[in-house]
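All the letters of the sequence shown, read from the start, carry residue numbers 4 to 116 under my numbering. Just so you know, even glycine gets a beta-carbon here, dropped at the ideal spot from N, CA and C. Keep in mind that this is a model prediction, so the values were computed, not measured.
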Amino acid sequence: MSRHQYDLIQCMKRPGTHIGMLCSSCDGRCPICDSFVKPAARVRICDECGLGHMGNKCIVCGNGLGVNSQYGSVAYYCLECVQMEKDREGCPRITNVGSSKSDMIAKRRRQNN
Numbered sequence: 004m005s006r007h008q009y010d011l012i013q014c015m016k017r018p019g020t021h022i023g024m025l026c027s028s029c030d031g032r033c034p035i036c037d038s039f040v041k042p043a044a045r046v047r048i049c050d051e052c053g054l055g056h057m058g059n060k061c062i063v064c065g066n067g068l069g070v071n072s073q074y075g076s077v078a079y080y081c082l083e084c085v086q087m088e089k090d091r092e093g094c095p096r097i098t099n100v101g102s103s104k105s106d107m108i109a110k111r112r113r114q115n116n
């Protein structure tokens, strides 16, 4: 996701012990390069992103995962990102919403009013 949309900002803090989760629409995707091939290493996120209200959301798009993460799956880095050591750069959670998603939210609000 972050490879194709340049307005998205990743957390990039030191990863902790929490495992990153993906929603059903992002399932199987590498959070760094968006590839669907050769999952190799589990995604670890920082403690701030793994606790509280953000702990139950997809690390790429921010969609909710349901109670106890029942609609989520574990996120994995692809083999290429592991070999290039991009998995060691920091927490890959997207901290802001992209402009396209914020435009969609604003459009829905205008239609409902």
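Inter-residue Cα distance where the pair is residue i and residue j
| i | j | result |
| --- | --- | --- |
| ASP90 | ASP106 | 31 Å |
| CYS36 | CYS84 | 8 Å |
| ARG32 | ALA43 | 12 Å |
| SER72 | GLU92 | 26 Å |
| GLY53 | GLY23 | 8 Å |
| SER28 | ASN59 | 15 Å |
| THR98 | GLU88 | 21 Å |
| TYR9 | ASN116 | 31 Å |
| HIS56 | ILE12 | 19 Å |
Whole-number beta carbon distance between residue j and residue i, since they are thought to touch under 8 Å
| i | j | result |
| --- | --- | --- |
| GLY75 | CYS26 | 6 Å |
| PRO34 | VAL70 | Not quite, the Cβ-Cβ distance comes to about 23 Å (not below 8 Å), so this is no contact. |
| ARG45 | TYR79 | 6 Å |
Residue i: CB within 8 Å of a non-hydrogen atom of the ligand MN
| i | result |
| --- | --- |
| SER76 | In the structure on display, the ligand MN does not appear, and there are no ligands present to speak of. |
Alpha helix (DSSP H) segment containing residue i, residue limits
| i | result |
| --- | --- |
| CYS84 | 82 to 86 |
| GLU51 | 50 to 53 |
The beta strand (DSSP E) enclosing residue i, as first and last residue numbers
| i | result |
| --- | --- |
| PRO42 | 42 to 45 |
Other residues of its chain near residue i: CB distance less than 6 Å, five sequence neighbours each side excluded
| i | result |
| --- | --- |
| ASN66 | CYS26 |
| ARG117 | A query on residue 117 cannot be resolved here, the shown segment of the chain reaching from 4 to 116 and no further. |
| SER38 | CYS81 |
Residues near residue i by beta carbon distance below 8 Å, same chain, minus five either side
| i | result |
| --- | --- |
| VAL40 | CYS81, LEU82 |
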